[in-house]
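Residue numbers (UniProt numbering): 1 to 134.
Every residue, glycine too, gets a C-beta built ideally from N, C-alpha and C.
As structure tokens, the structure follows; a few thoughts come after it.
Shown next as structure tokens:
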């Protein structure tokens, strides 16, 4: 299955609202970045954890979608976030990879790095692939 950045923004407008910019959109890896803005920061000028979790959830859902079929849509069932260090600098850079692809679920792992390529956040998610109802 293939999708475009515009498909993502149409199906999940929150991704555009958050300011996520996509790189690779492939079943084996989805990459995206979220630029630093003062509005998405917290104490100490670090990126807010909620913004980072939003980035992770979007790239995880896109990765799951690319591993599904055209008649399914993603729904996050479970998400575990490990904040390892704050994200400072120009932004957050996410990579999502499938850990396991089943018939109706995809387990994904998302790494978020800073602009110095340091691992800052690791997220694992279980994403359901539900039949699309248009």
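Quiz item: Is residue 114 near residue 89, with beta carbons less than 8 Å apart?
Solution: Residue 114 places its beta carbon less than 8 Å from that of residue 89.
Quiz item: Would the beta-carbon of residue 96 fall within 8 Å of that of residue 63?
Solution: The Cβ atoms of residue 96 and residue 63 lie closer than 8 Å to each other.
Quiz prompt | Rounded separation between residue 67 and residue 44 - CA only | solution = Their backbone Cα atoms lie some 38 Å apart in a straight line.
Quiz item: What is the rounded straight-line gap between the Cα of residue 78 and the Cα of residue 30?
Solution: So the alpha carbons of these two residues sit roughly 19 Å apart.
Quiz prompt | Backbone secondary structure at residue 34 - three-state DSSP | solution = For residue 34, the three-state secondary structure derived from DSSP is strand.
Quiz prompt | Residue of 74, 18 and 108 minimising C-alpha distance to residue 99 | solution = Ranked by Cα distance from residue 99, the first of 74, 18 and 108 is 108.
Quiz item: In terms of residue numbering, what span does the beta strand (DSSP E) encompassing residue 125 cover?
Solution: From DSSP, the beta strand (DSSP E) with residue 125 extends over 119–131.
Quiz prompt | Outcome for residue 1 when other beta-carbon atoms lying within 10 angstroms are tallied against a minimum of 16 | solution = Around the CB of residue 1, fewer than 16 other CB atoms lie within 10 Å, so the residue is classed as exposed.
Quiz prompt | Where residue 23 sits in the DSSP three-state scheme | solution = Strand, per DSSP.
Practice problem: Under the assumption that residue 24 contacts residue 123 (Cβ atoms under 8 Å), give the Cβ distance between them as a whole number of angstroms. | Solution: Actually they are not in contact, since the Cβ atoms of residue 24 and residue 123 sit about 18 Å apart, beyond 8 Å.
Quiz item: Apart from the five residues on each side of it in sequence, which residues of its chain come closer than 6 Å, Cβ to Cβ, to residue 16?
Solution: For residue 16, where only same-chain residues beyond five positions count, the Cβ hits under 6 Å are 9.
Quiz item: In its own chain, which residues sit with a C-beta less than 6 Å from the C-beta of residue 75, not counting the 5 before and 5 after it?
Solution: The beta carbon of residue 75 sits closer than 6 Å to those of 128 and 130, all from its chain and outside the five residues before and after it, given in chain order.
Practice problem: Check the C-beta distance from residue 51 over to residue 34 and give it rounded, since I have them as a contact under 8 Å. | Solution: In this structure residue 51 is in contact with residue 34, their Cβ atoms being roughly 6 Å apart against a cut-off of 8 Å.
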